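*Asks:* Residue numbers (our numbering): 79 to 248. Every residue gets a Cβ at the ideal spot worked out from N, C-alpha and C, and that includes glycine. From a predicted model like this one, the values you see are computed outputs, not experimental measurements. There's a structure below that I have some questions on.
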């Protein structure tokens, strides 16, 4: 039995129109590195939607982006440090698009008052997913066979030592 390799990525970015495409390409490159090419396009589209909406509506444009892969779902979260940003009013059309293209999404506030918007993409059955074996590979000691026993040759008696065979024949 094999299990998926968990992955995590974090990126802090100052949102501007020219950075939107660049950040989406960075996220897609990390997904390709994790061998999750099939999830790159939906994540890019969702990232571009959210970054453009944050640029239009937020007064503080510093955003943290995190991606988690747990073997079945990829969770992408955007945290904005603007406590005045109201997703239910300012980002309504963006969130509707995110809901239509993702398997799950949500919005909440952190203890500091920042807004966190996340969405998930599920790996479909039959898609290639990076796996790692649950059991460890054998060590060198476990992998080598034991040496077979060899007969030990009898050594000749040193010079001047009494010979047991000669004494028994007298």
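Buried or exposed: where does residue 199 fall if 16 or more other Cβ atoms within 10 Å of its Cβ makes it buried?
*Replies:* Here the question's residue 199 lines up with position 121 in the chain shown. It counts as buried.
*Asks:* So residue 155 is in the beta strand (DSSP E); what residue range does that whole segment cover?
*Replies:* Working through the chain shown from its first residue, we reach residue 155 at position 77. Under the DSSP assignment, residue 155 falls in the beta strand (DSSP E) whose first and last residues are 151-158.
*Asks:* Measure the Cβ-Cβ separation of residue 140 and residue 96 and say whether it is below 8 Å.
*Replies:* Taking the first residue of the chain shown as 1, we reach residue 140 at position 62. Taking the first residue of the chain shown as 1, we reach residue 96 at position 18. Their beta carbons are not under 8 Å apart, which means residue 140 does not touch residue 96 by this criterion.
*Asks:* Taking DSSP's pairing of strands, which residues face residue 200 in a bridge?
*Replies:* Locating residue 200 in the chain shown gives position 122, where the first residue counts as 1. Per DSSP, 151.
*Asks:* Classify residue 93 as helix, strand or coil using the three-state DSSP reduction.
*Replies:* Here residue 93 corresponds to residue number 15 of the chain shown, with the count starting at 1. If DSSP states are grouped into helix, strand and coil, residue 93 belongs with coil.
*Asks:* Does residue 204 pass the burial test, meaning 16 or more other C-beta atoms within 10 Å, or should it be called exposed?
*Replies:* Locating residue 204 in the chain shown gives position 126, where the first residue counts as 1. Because residue 204 sits at a pLDDT of 47, beneath the cut-off of 50, its placement in the model cannot be relied upon, and the point is left open.
*Asks:* Sort out for me which residues DSSP pairs residue 140 with in a bridge.
*Replies:* Within the chain shown, the letter at position 62 stands for residue 140. Bridge partners of residue 140: 92.
*Asks:* Could you pull out every residue in the same chain whose Cβ sits closer than 7 Å to the Cβ of residue 246, ignoring the five residues on either side in sequence?
*Replies:* Stepping through the chain shown from its first residue, residue 246 is reached at position 168. At residue 246 the pLDDT is 49, less than 50, meaning the model places this residue with poor confidence and gives no usable figure here.
*Asks:* Taking 6 Å as the limit between beta carbons, can you name the residues of its chain near residue 88, skipping five residues before and five after?
*Replies:* Residue numbering aside, residue 88 sits at position 10 when the chain shown is read from its first letter. Taken in chain order, the residues that qualify are 144.
*Asks:* For residue 124, name the three-state secondary structure that DSSP assigns.
*Replies:* As a working note, residue 124 is residue 46 in the chain shown. Three-state result, residue 124: helix.
*Asks:* Excluding the 5 residues preceding and the 5 following residue 192 in the sequence, name in chain order all residues of the same chain whose CB lies nearer than 8 Å to its CB.
*Replies:* Within the chain shown, residue 192 is the residue found at index 114, counting from 1. If you ignore the 5 residues before and after residue 192, its C-beta comes within less than 8 Å of the C-beta of 157, 158, 159, 160 and 161, all in its own chain and listed in chain order.
*Asks:* Which residue wins for smallest C-alpha separation from residue 133, given the options 176, 169 and 197?
*Replies:* Taking the chain shown and counting its residues from 1, one reaches residue 133 at position 55. That would be 169, whose Cα lies nearest to the Cα of residue 133.
*Asks:* Nearest-angstrom Cα distance between residue 148 and residue 196?
*Replies:* For the purposes of this step, residue 148 is taken as the residue at position 70 of the chain shown. For the purposes of this step, residue 196 is taken as the residue at position 118 of the chain shown. Computed Cα separation, rounded: 15 Å.
*Asks:* So for residue 191, helix, strand or coil by DSSP?
*Replies:* Position 113 of the chain shown, counted from the start, is the residue given in the question as residue 191. In this structure, DSSP gives residue 191 a state outside helix and strand, which the three-state scheme calls coil.
*Asks:* Pick out whichever of 124, 84 and 150 has its Cα sitting closest to the Cα of residue 178.
*Replies:* Position 100 of the chain shown, counted from the first residue, corresponds to residue 178. Taking only the C-alpha atoms, the option nearest residue 178 is 124.
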